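Here the structure is laid out as structure tokens; the discussion comes afterwards.
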Amino acid sequence: MIEKLQEAIITTIDRQIDPTIREIKNHHKEVCDNLDRSKGKYISNLTKSAFTETERFKSDFREEMHEHIDDDLEDHVFKAMFEHELQKGTEKLRENIKRRSNECKERFVEEIKKDIEQFEERIKDSLVNLNRINIGSGFDPIINIDSGINKIGLFASIGGLALLSLTPVVGGIALIGGLVLGLIGIVKSVWSFFDSDYKKSQQRKEVDKNLDKVCEKIEKDMKSQIESGKKATFGKIEHLKATLNDLVVCYERMREGLIKAGEKLWHLSHNIKTRSM
Numbered sequence: 068m069i070e071k072l073q074e075a076i077i078t079t080i081d082r083q084i085d086p087t088i089r090e091i092k093n094h095h096k097e098v099c100d101n102l103d104r105s106k107g108k109y110i111s112n113l114t115k116s117a118f119t120e121t122e123r124f125k126s127d128f129r130e131e132m133h134e135h136i137d138d139d140l141e142d143h144v145f146k147a148m149f150e151h152e153l154q155k156g157t158e159k160l161r162e163n164i165k166r167r168s169n170e171c172k173e174r175f176v177e178e179i180k181k182d183i184e185q186f187e188e189r190i191k192d193s194l195v196n197l198n199r200i201n202i203g204s205g206f207d208p209i210i211n212i213d214s215g216i217n218k219i220g221l222f223a224s225i226g227g228l229a230l231l232s233l234t235p236v237v238g239g240i241a242l243i244g245g246l247v248l249g250l251i252g253i254v255k256s257v258w259s260f261f262d263s264d265y266k267k268s269q270q271r272k273e274v275d276k277n278l279d280k281v282c283e284k285i286e287k288d289m290k291s292q293i294e295s296g297k298k299a300t301f302g303k304i305e306h307l308k309a310t311l312n313d314l315v316v317c318y319e320r321m322r323e324g325l326i327k328a329g330e331k332l333w334h335l336s337h338n339i340k341t342r343s344m
């Protein structure tokens, strides 16, 4: 009886547990690679969309200001209009970036869910087999080989990923409080001594210079926010990858339990033989 149990343990390990561990590890590596690609794609799309919106704002705003300059506005009128339009334009830019970042986040979450569902589908048989493994009918070894993992229900709640609560890593754009007032130099009484063309030329230069400074500050802030959000997102992905490895850990603990059970059976058999001598 003991020898049959020992043989059953060896057979179970060789034919069921070890092949299953290799299979799950392969699937786990595949899903981890997919998750890494998804997170890289997410950050790339997020960065690209944010800076695309900024460049579009910069180009449109410059064109709009140059058109107003052609209207030959007085300096104080143009300055007030510039500040007002800049405030309005950057607010719209903030809304556009937020919208685009939400779109990127939604695509990212859908890709993550798809990766998890694919992994769950591929290991479904392994999850079922985990509850079928036994080493002999009517024999209940004293050794506890339960890993403490809810085997069949391990991934039941994956659909409700915490990733769904990810917030856009590009939030609001802080306007540069005194930048325009401090840097814009289009209000100069000396311009009144020059002709209209010269004044327009100087206004265009000041618009371009200050617009570049504003956008440079916006882009710097966005890079900082994206980098900060990237760390949080990557941390969640790494935690998810570790969680998906729980099934491998479960099988490995079962393997260790069976090996220990075999060792105890060997000692039991040895003691019986010794006593019978």
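Add 67 to the 1-based position in the sequence shown for this note's numbering, that's all there is to it. Don't be surprised by glycine CBs; every beta carbon is placed ideally from N, CA and C. These figures come from a predicted structure and were not determined experimentally.
In the DSSP assignment, E141 falls outside any alpha helix (DSSP H), carrying neither H nor E. Counting every other CB atom within 10 Å of its CB across the protein chains shown gives R322 a total of 16 or more, marking it as buried. When the Cα atoms are used, C99 and K108 turn out to be separated by approximately 14 Å. Rounded to the nearest whole angstrom, the C-alpha separation of I190 and R82 is 17 Å.
Residue environment for V315: buried (at least 16 other C-beta atoms within 10 angstroms of its C-beta). Listed in chain order, the non-local C-beta contacts of F124 below 7 Å within the same chain comprise G156 and L160, local neighbours out to five positions each way being set aside.
Counting every other CB atom within 10 Å of its CB across the protein chains shown gives H95 a total of 16 or more, marking it as buried.
Classified as exposed, A309 has fewer than 16 neighbouring CB atoms from the shown chains inside 10 Å of its CB. F186 and L325 have their C-alpha atoms spaced approximately 27 Å apart. With at least 16 other beta carbons inside 10 angstroms of its own, K146 counts as buried. The shortest CA-to-CA distance from F301 to any of S263, F175, G329 and S268 is the one to F175.
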